[in-house]
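K.L.:
Residue numbers (numbering that gives the first Met the number 0): 0 to 629. Cβ atoms here follow ideal geometry from the backbone N, Cα and C, with glycine treated the same way. Fair warning: this is a prediction, and the values are worked out from it, not measured in the lab.
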Amino acid sequence: MPAQEAAPLPTLLLLLPFFTALVILLGHKSLKGASVILSVASATICFVVSVMMLHSKDSAPLLLPFIEIGKFKIAIDALIDQQSRGMMFIVTSIGLLVHIFSLGYMKEDAGRVRFFGALSLFMFSMTGIVLAGNLFMMFIFWELVGLSSYLLIGHWFEKASAAEASKKAFLTNRIGDFGFMIGILMLFMANHGDVSFTGLKESFASGPLHHAAANQVNFMIAAALCIFMGAVGKSAQFPLHVWLPDAMEGPTPVSALIHAATMVAAGVFMLVRCSFVIEASPIAAETIAYIGGFTALMAALMATQQNDIKRVLAYSTLSQLGYMVMAVGLLAMHVSGSHHEAGPGHPAMFHLYTHAFFKAMLFLGSGAVIYACHHEQDMWKMGGLMKHMPVTFVTFALGTASLMGVPFITSGFWSKEAILGLAFEVKGGSPLFWVGVLTATLTAFYMTRLVVVAFLGRPRTDSAHHAVEAPIVMVLPLIILAGLTAISAVPGITTLLEAMKPAHAQEHLTVMVASIAALLIGSMGALFIYKGKDKDPLNIKLFANKFYFDEFYAVLVKVFQDTVAWLVTGLERIFVDGLVARLPAYLVARVGSAARILQGGHLQGYTFLLGLGVLLVIYVVVFVLPVVGH
Numbered sequence: 000m001p002a003q004e005a006a007p008l009p010t011l012l013l014l015l016p017f018f019t020a021l022v023i024l025l026g027h028k029s030l031k032g033a034s035v036i037l038s039v040a041s042a043t044i045c046f047v048v049s050v051m052m053l054h055s056k057d058s059a060p061l062l063l064p065f066i067e068i069g070k071f072k073i074a075i076d077a078l079i080d081q082q083s084r085g086m087m088f089i090v091t092s093i094g095l096l097v098h099i100f101s102l103g104y105m106k107e108d109a110g111r112v113r114f115f116g117a118l119s120l121f122m123f124s125m126t127g128i129v130l131a132g133n134l135f136m137m138f139i140f141w142e143l144v145g146l147s148s149y150l151l152i153g154h155w156f157e158k159a160s161a162a163e164a165s166k167k168a169f170l171t172n173r174i175g176d177f178g179f180m181i182g183i184l185m186l187f188m189a190n191h192g193d194v195s196f197t198g199l200k201e202s203f204a205s206g207p208l209h210h211a212a213a214n215q216v217n218f219m220i221a222a223a224l225c226i227f228m229g230a231v232g233k234s235a236q237f238p239l240h241v242w243l244p245d246a247m248e249g250p251t252p253v254s255a256l257i258h259a260a261t262m263v264a265a266g267v268f269m270l271v272r273c274s275f276v277i278e279a280s281p282i283a284a285e286t287i288a289y290i291g292g293f294t295a296l297m298a299a300l301m302a303t304q305q306n307d308i309k310r311v312l313a314y315s316t317l318s319q320l321g322y323m324v325m326a327v328g329l330l331a332m333h334v335s336g337s338h339h340e341a342g343p344g345h346p347a348m349f350h351l352y353t354h355a356f357f358k359a360m361l362f363l364g365s366g367a368v369i370y371a372c373h374h375e376q377d378m379w380k381m382g383g384l385m386k387h388m389p390v391t392f393v394t395f396a397l398g399t400a401s402l403m404g405v406p407f408i409t410s411g412f413w414s415k416e417a418i419l420g421l422a423f424e425v426k427g428g429s430p431l432f433w434v435g436v437l438t439a440t441l442t443a444f445y446m447t448r449l450v451v452v453a454f455l456g457r458p459r460t461d462s463a464h465h466a467v468e469a470p471i472v473m474v475l476p477l478i479i480l481a482g483l484t485a486i487s488a489v490p491g492i493t494t495l496l497e498a499m500k501p502a503h504a505q506e507h508l509t510v511m512v513a514s515i516a517a518l519l520i521g522s523m524g525a526l527f528i529y530k531g532k533d534k535d536p537l538n539i540k541l542f543a544n545k546f547y548f549d550e551f552y553a554v555l556v557k558v559f560q561d562t563v564a565w566l567v568t569g570l571e572r573i574f575v576d577g578l579v580a581r582l583p584a585y586l587v588a589r590v591g592s593a594a595r596i597l598q599g600g601h602l603q604g605y606t607f608l609l610g611l612g613v614l615l616v617i618y619v620v621v622f623v624l625p626v627v628g629h
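1. Tell me whether the beta-carbon of residue 261 lies closer than 8 Å to the beta-carbon of residue 125.
2. Short of 7 Å in beta carbon distance, which residues of its chain neighbour residue 459, apart from the five on each side in sequence? Order them along the chain.
3. Can you tell me whether DSSP reads residue 630 as helix, strand or coil?
4. Within 8 Å of any Cβ in chain C, is that where the Cβ of residue 557 sits?
5. What is the rounded straight-line gap between the Cα of residue 401 and the Cα of residue 410?
6. When the Cα atoms are used, what is the spatial distance from residue 127 to residue 529?
7. Just tell me which of 163, 571 and 399 has its CA closest to the CA of residue 242.
8. With a CB to CB cut of under 6 Å and the five nearest residues on each side skipped, what residues in its chain are close to residue 84?
9. State the CB to CB distance for the pair residue 246 and residue 168, rounded to an integer number of angstroms; the pair is presumed to be in contact (CB under 8 Å).
10. Closest by CA to residue 526, which one among 572, 444, 292 and 430?
11. Within 10 Å of its beta-carbon, does residue 509 have 16 or more other beta-carbons around it, so buried, or fewer, so exposed?
12. Just curious, the alpha helix (DSSP H) that residue 392 is in, first and last residue?
13. Flag this pair as yes or no: are the beta carbons of residue 119 and residue 23 separated by less than 8 Å?
14. Do residue 105 and residue 114 come within 8 Å of each other at the CB atom, strictly closer than that value?
15. Residues in the same chain with beta-carbon distance under 7 Å from residue 338, minus the five sequence neighbours each way, listed in chain order, please.
16. Put residue 619 into one of helix, strand or coil per three-state DSSP.
17. Answer yes or no: do residue 631 and residue 367 have a C-beta to C-beta separation smaller than 8 Å?
18. Ordered along the chain, which non-local residues of its own chain (more than five positions away) have a Cβ less than 6 Å from that of residue 665?
19. Which ranges does the beta strand (DSSP E) cover as unbroken runs of at least 3 residues, wholly within the stretch 35-109, from first to last along the chain?
20. Mind checking whether residue 277 and residue 211 have CB atoms under 8 Å apart?
21. Using 8 Å as the cut-off, can you tell me whether the stretch 140-148 makes contact with the stretch 272-287, which would need three or more C-beta pairs spanning the two stretches below that distance?
22. CB-CB under 6 Å to residue 18, same chain, minus the five flanking residues each way: which ones, in chain order?
23. Assess contact between the stretch 288-295 and the stretch 311-321, defined as three or more Cβ pairs (one per stretch) separated by less than 8 Å. Is contact present?
24. For residue 133, which beta-bridge partners are listed by DSSP?
25. Under 8 Å between the Cβ atoms of residue 58 and residue 133?
26. Which partner residues of residue 245 appear in the DSSP bridge assignment?
27. Roughly how many angstroms separate the alpha carbons of residue 606 and residue 613, rounded to a whole number?
28. Considering only DSSP beta bridges, list what residue 377 is partnered with.
29. Which whole-angstrom value is the C-beta distance of residue 20 and residue 116, which I expect to be below 8 Å?
30. Find the nearest neighbour of residue 543 within the set 314, 256 and 98, judged by alpha-carbon distance.
31. Can you look up residue 425 in the DSSP assignment and give me helix, strand or coil?
32. Nearest CA to the CA of residue 546: which residue from 188, 178 and 304?
33. Do you know how far the Cα of residue 413 is from the Cα of residue 229?
34. Would you identify the three-state DSSP class for residue 358, choosing helix, strand or coil?
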């Protein structure tokens with residue numbers, strides 16, 4: 000498709016949610032209820048446009064010129080390819096369902112209009128990241144996603160915990176974004192100002208960056224790891240993972256939007272976009288793979304001891320994101336070792352797509368449960384919800400089966416197998432294969448635990464006993480997501496997922512046996528431990544307290560930041576404020592005060608001083624100058 004023909008749809012997709020957010024946030028007092036309708040209508044149109052683009056040809060249209068000074072050019076341009084089309088479908092479809100779900104969930108909320116305005120701003124930010132044809136444009140919208148997520152997480156800012164969570168998310172992401180910016184500037188300098196994805200890819204193939212990769216190994220390692228820092232923040236990888244569980248303080252639809260396939264998936268999307276940078280540095284690729292694997296295992300261990308239904312799903316998202324990041328590093332190691340280019344199908348993106356549907360369904364399902372239980376989130380205060388909420392239970396069970404990777408009949412099984420198979424194939428990747436298997440075992444364990452405690456057995460509280468099915472406006476998105484989850488598991492039906500399935504993914508008997516064994520051990524173990532229990536028989540404080548990372552960071556901040564601030568404040572008060580500023584002022588003031596005595600306004604005093612001066616001059620002339628002359 001020629002660029003001029005492709006431009007209208009991407010431009011509409013980018014600008015419609017922006018103007019919608021602008022109108023709502025500036026004119027919400029006049030529009031009132033119409034703002035909500037406007038936001039939902041915008042999300043609907045964006046979804047329709049993304050569906051229309053699914054079968055368009057690859058193109059790189061210029062959307063808006065931005066800065067052009069000589070050879071220095073920064074433009075708002077799009078890159079329409081298989082990856083962006085698929086990601087856009089995920090973002091807009093889940094975004095629309097979250098909008099619809101929010102109509103019921105936020106019905107009585109006083110800040111409902113503000114919430115939908117922030118949703119539209121978030122949609123604008125995400126479409127910008129997905130469409131971005133260069134790293135500068137991606138970084139601009141990267142920061143806008145941080146801003147909009149800050150507004151959404153802190154929607155109930157009257158609660159201290161929500162306000163703190165939003166600030167924590169914002170500041171933690173800034174750390175990763177700073178590294179991302181440095182990586183972009185390094186590529187900008189090395190590639191003579193061209194940071195478009197097309198230009199960078201060509202440069203790595205045969206250009207300045209190709210020579211840099213061959214001759215400046217440390218430079219490429221630093222550039223790749225700085226780019227990766229952006230994903231560490233957005234996709235909540237170790238050690239910047241601490242913000243994601245606290246983001247549960249936002250409304251549940253926000254959790255579904257942020258933790259399913261949008262904000263946290265942006266980091267994985269960016270890494271796949273920049274895969275040629277990672278492939279140029281095997282050391283960086285291996286580092287990324289091991290950080291992803293460590294995050295996956297660590298988050299799964301934490302999830303086994305969480306009691307908040309949303310926090311279990313949040314740590315599950317952390318774990319699955321670790322899987323995706325591990326796949327990015329593993330494929331880069333695979334490509335670097337075999338000296339060939341990765342195919343269009345990427346195991347990280349394949350798992351991102353399958354994970355998006357069922358994780359959004361699980362978060363929205365948890366929202367329906369919380370709504371039915373009068374905003375109770377402790378799963379030990381639930382129980383027996385299968386009878387009271389049958390539709391929610393069926394959809395939640397389907398999402399759980401996909402997340403655990405029930406063989407052959409769930410999409411999550413195939414995408415997980417692709418990653419484990421890659422870990423099994425890559426030389427030196429065998430430790431990560433067993434990390435992946437152990438993570439899969441823990442996933443089956445904590446998700447079975449969640450279903451058994453929350454949905455089976457008897458109700459443990461009055462709110463659970465009197466729970467009823469959520470309104471149709473909240474149940475409908477669950478049913479649609481359940482349908483998408485089920486269909487995506489059937490080969491040949493969902494062409495989008497088929498296109499994303501890695502071409503190199505092969506079935507290995509060892510991988511298959513290990514995966515099925517992990518599922519059985521994890522799920523049966525949880526069923527045996529938790530069936531019929533009214534409280535948790537396990538009490539592993541290390542996991543329940545999230546390996547004490549928050550406490551460690553609090554001490555780190557107190558020791559380094561607060562101590563340095565105290566020292567700087569002391570030095571500033573003593574030297575800068577004291578010796579440099581206040582001391583000269585004090586001396587001048589004292590001299591002035593002393594000199595004022597001489598200006599008393601009395602004639603006799605002036606006559607006395609004049610006589611004293613004359614005598615002093617005579618003394619100097621008669622007695623001092625002759626001595627000096629000799």
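P.N.:
On the basis of the coordinates in this document:
1. Contact flag set, yes.
2. Cβ contact annotation for residue 459 (same chain, cutoff 7 Å, sequence separation greater than five): 379, 380, 381, 382 and 533, in chain order.
3. No answer is possible for residue 630: the residues shown for the chain start at 0 and end at 629.
4. Considering every chain present, this structure includes no chain C. It has just one protein chain.
5. If you draw a straight line from the Cα of residue 401 to the Cα of residue 410, it comes to about 6 Å.
6. Rounded to the nearest whole angstrom, the CA to CA distance from residue 127 to residue 529 is 45 Å.
7. If we check each option's Cα against that of residue 242, 163 comes out closest.
8. Taking C-beta separations shorter than 6 Å and ignoring five residues to either side along the sequence, the partners of residue 84 in its chain run 52 and 53, following chain order.
9. About 5 Å; that satisfies the 8 Å criterion.
10. Minimum Cα distance to residue 526 is reached at 444.
11. Residue 509 counts as exposed, since fewer than 16 other beta carbons sit within 10 angstroms of its beta carbon.
12. 389-403 is the extent of the alpha helix (DSSP H) around residue 392.
13. With contacts defined as CB atoms closer than 8 Å, residue 119 and residue 23 qualify as a contacting pair.
14. The Cβ atoms of residue 114 and residue 105 lie closer than 8 Å to each other.
15. The pLDDT assigned to residue 338 is 45, lower than 50, so where the model puts this residue is not dependable; a value taken from the coordinates is nonetheless given after this. Within the same chain, residue 338 has no close Cβ partners at all.
16. Looking at residue 619 - three-state DSSP - the assignment turns out to be helix.
17. With the chain covering only 0 through 629, there is no way to say anything about residue 631.
18. No answer is possible for residue 665: the residues shown for the chain start at 0 and end at 629.
19. Qualifying beta strand (DSSP E) stretches, in chain order: 61-68 and 71-76.
20. No, the Cβ-Cβ distance between residue 277 and residue 211 is not below 8 Å.
21. Not touching, per the Cβ criterion.
22. Taken in chain order, the list of residues that qualify is empty.
23. Because the criterion of three Cβ pairs below 8 Å is met, the stretch 288-295 and the stretch 311-321 touch.
24. According to DSSP, which records beta bridges pairwise, residue 133 is partnered with 195.
25. No. Outside cutoff.
26. Beta-bridge pairing links residue 245 to no other residue.
27. In this structure, the straight-line span from the alpha carbon of residue 606 to that of residue 613 is close to 11 Å.
28. For residue 377, the beta-bridge partners assigned by DSSP are 307.
29. Right, their Cβ atoms sit about 6 Å apart.
30. Residue 543 has its Cα closest to that of 314, out of 314, 256 and 98.
31. Three-state DSSP puts residue 425 in coil, outside helix and strand.
32. Of the candidates 188, 178 and 304, the one whose C-alpha sits nearest the C-alpha of residue 546 is 304.
33. The straight-line gap from Cα to Cα measures roughly 28 Å.
34. If DSSP states are grouped into helix, strand and coil, residue 358 belongs with the helices.
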